[in-house]
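Just so you know, the protein sequences line up as chains A and B, in that order.
Sequence positions in the first sequence follow the numbering used here and run 1 to 235.
Sequence positions in the second sequence follow the numbering used here and run 236 to 470.
Working notes, structure below.
Protein chains: 2
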Amino acid sequence: MIKLSQTDPRSPKTTVTADKVAASLSLAIHEHRLAPGTKLGEDEISELFGVSRTVVRAGLQSLAHQQLVEIQRNRGAFVAQPSLREAREVFEARELLEPRTARSAALRATPQDITILEQHIKDEHAAIAAADQGRALRLSGQFHIEISRIADQTTIAGFIEALIARSSLIIALYWRRESALCESFAHHALVEAIAQGDGQKAQELMHSHLVDLHSALDLRDRTAQSRSLKDALRL
Amino acid sequence: MIKLSQTDPRSPKTTVTADKVAASLSLAIHEHRLAPGTKLGEDEISELFGVSRTVVRAGLQSLAHQQLVEIQRNRGAFVAQPSLREAREVFEARELLEPRTARSAALRATPQDITILEQHIKDEHAAIAAADQGRALRLSGQFHIEISRIADQTTIAGFIEALIARSSLIIALYWRRESALCESFAHHALVEAIAQGDGQKAQELMHSHLVDLHSALDLRDRTAQSRSLKDALRL
DNA sequence: ATTCGCAGGATTGTATATAATATTGTGTTC
DNA sequence: GAACACAATATTATATACAATCCTGCGAAT
């Protein structure tokens, strides 16, 4: 057989290309290397990945479903810019879902799970030590996802994953510079409660942790016109 | 060619045509005109709607993201067949989200909202009287969606909408014929509680309503191989 | 000088063509 | 007659071509 295609010849069956595009963009968004509002041109991306616009579109539409990017008809795809209202809703939803999930996780966690969580915290520390803010932020989110995975509720875990993804955008937009992001302590305490199988404590710790996060955001109402001005400022 | 309907000029989010395809298929699934496991061939659909496979694919991917259809690589798209486990998870998630949402709805509902809900119930009755099971089922789901809309939490409402969509598939697969589906009473009581602004009661009613629904399903574990046999039976 | 209009260019939306892959049917061999 | 190999067929995955739409910039008119 003749191989003409210039695409990566190593993984022809393992992963679907559109997923790779979406995963790559998603990672960049999570690590704040792509700012909210950034234009994601189809031609540009298709050249970067060496694939056709068809698969790029599929990837972008996938991200649009997760509300990580916004697709405007005949205008293109942009990294999403959650509104104040959306930001509040996302954290309210997390405060509803995650404490209960942490509780389930505490009741179900195996020693293996604990090891994984502890490793996560170590990785977070390493990222912080390396001053890699982006990586630290992503790992912090993954920690929450890992807990929901332990809780063994795939459906709810999916919701939480979507909420955490959007949280990354919200943090990029509304984080108050004054407040320091030291999640390590909260995460460590959570792991301890989970390791001890103390569901009630895990639930409470998760809730206060989320409230802390929420209050570290500046979600005060600004003038309504800031929405359109913001676009200009971001570019 | 025939123009079916004009586009909504206020929501230019994604491609309009693909949305119509997805909405049409979604409706058919909700009304049980498309059984779980049904093959959704791209060529077939593209001919039915008079559009190219490109937009059909976009629509199918959208539905796949909502887990209403399952896309198997190089095999095609099929109406999803939620597993027993998924079925349980969906209803557990609903039991977690919807009671709280009903509470919020009771506290926020306007007289207009009450009117809308009452009209919904009337429509449900009409559908039942007309022996239109499919329509009745869809309206019943929409009733829940309407409540979440009143609660004014778009994000959570989106989750609930996805859960209800999957519930339709679950009912198609696991409904016990013995138990009658008389949701009218429960819905009526709910509207009363909401009309009176009694959040606590609405929350409790919603919870017991969901428990009733859940228990009307046959979610006992059958042989594992039934999964593959089922495909044969459905075609 | 400002505003309106229009053309040019750029980008997305859709359709079609080509490549890759799975399924099915047939024929040969044991 | 059964089982395997292989070809024929059907369907999906990707790429490319074409059409529609939007944005930008220039120029003319007021």
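Just so it is clear, CB atoms sit at the ideal spot from N, CA and C, and this is done for glycine as well.
Just so you know, these numbers come straight off a predicted model, no measurement behind them.
Chain-ordered residues of the region 325 to 359 of chain B with a beta carbon less than 9 Å from chain A: Against chain A - using a Cβ distance shorter than 9 Å - the residues of the region 325 to 359 of chain B are 325, 327, 328, 331, 332, 335.
Within chain A, the residues that residue 388 (chain B) reaches when beta carbons sit closer than 8 Å: 89, 92, 93
Chain A within 7 Å of residue 449 (chain B), Cβ atoms only: no
Within chain B, the residues that residue 159 (chain A) reaches when beta carbons sit closer than 7 Å: 394
Identity of the residues DSSP links to residue 312 (chain B) by a beta bridge: Looking at the DSSP assignment, residue 312 (chain B) forms a beta bridge with B:275, B:306.
Local conformation of residue 84 (chain A) per DSSP, three classes: helix
Where residue 42 (chain A) meets chain B, residues with beta-carbon distance less than 9 Å: Per Cβ cutoff of 9 Å: no residues; residue 42 (chain A) is ~13 Å from chain B at best.
Residue 252 (chain B) versus residue 302 (chain B) - alpha carbon distance: One Cα belongs to residue 252 (chain B), the other to residue 302 (chain B), and the distance between them is close to 20 Å.
Three-state class that DSSP yields for residue 219 (chain A) in the structure shown: coil
Chain A contact residues for residue 300 (chain B), given Cβ-Cβ distances below 9 Å: Within 9 Å Cβ-Cβ: 61, 62, 65, 66.
Among A:113, A:89, A:41, the one whose alpha carbon lies nearest that of residue 70 (chain A): A:41
Beta-carbon proximity of residue 340 (chain B) to residue 385 (chain B), cut-off 7 Å: yes
Residues near residue 238 (chain A) in its chain [Cβ-Cβ closer than 6 Å; skip 5 each side]: Chain A is shown only over 1 to 235; residue 238 (chain A) falls outside these bounds and no answer can be derived.
Boundaries (first-last residue) of the alpha helix (DSSP H) holding residue 135 (chain A): 133 to 150
CA-to-CA distance, residue 62 (chain A) to residue 183 (chain A), given in whole angstroms: 30 Å
Residue 164 (chain A) versus residue 316 (chain B): straight-line alpha-carbon distance, rounded: In this structure, the straight-line span from the alpha carbon of residue 164 (chain A) to that of residue 316 (chain B) is close to 28 Å.
Own chain partners of residue 201 (chain A) with C-beta closer than 7 Å, once the 5 adjacent residues on each side are dropped: 193
Beta carbon of residue 438 (chain B) nearer than 7 Å to that of residue 338 (chain B): Taking C-beta atoms as the reference points, residue 438 (chain B) and residue 338 (chain B) count as a pair closer than 7 Å.
Assigned exposure category for residue 221 (chain A) - 16 Cβ within 10 Å defines buried: exposed
At least three beta-carbon pairs within less than 8 Å, the region 364 to 383 of chain B to the region 129 to 149 of chain A: no
Meets three-Cβ-pair contact criterion under 8 Å: the region 324 to 337 of chain B and the region 280 to 290 of chain B: Contact fails: fewer than three Cβ-Cβ distances are below 8 Å.
Interface residues of chain B facing residue 86 (chain A) [CB-CB closer than 9 Å]: Annotation: Cβ neighbours of residue 86 (chain A) in chain B (cutoff 9 Å, chain order): 389, 390.
Chain A contact residues for residue 293 (chain B), given Cβ-Cβ distances below 7 Å: 61
Residue 358 (chain B) versus residue 374 (chain B) - alpha carbon distance: 7 Å
Same chain, Cβ closer than 6 Å to residue 217 (chain A), neighbours up to 5 away in sequence not counted: 174
Assumed close pair residue 448 (chain B), residue 395 (chain B) - CB separation to whole angstroms, cut-off 8 Å: Between residue 395 (chain B) and residue 448 (chain B) the Cβ distance is about 14 Å, and since that is not below 8 Å, they are no contact.
Selected residue, minimal CA-CA separation from residue 454 (chain B), among B:420, B:365, B:323: Answer by Cα proximity: B:323.
Counted within 10 angstroms of its Cβ, other Cβ atoms place residue 57 (chain A) as buried (16 or more) or exposed: Answer is buried; the Cβ neighbour count reaches 16.
Chain-order list of residues whose beta-carbon lies under 7 Å from that of residue 360 (chain B) (same chain, five-residue window excluded): Taken in chain order, the residues that qualify are 419.
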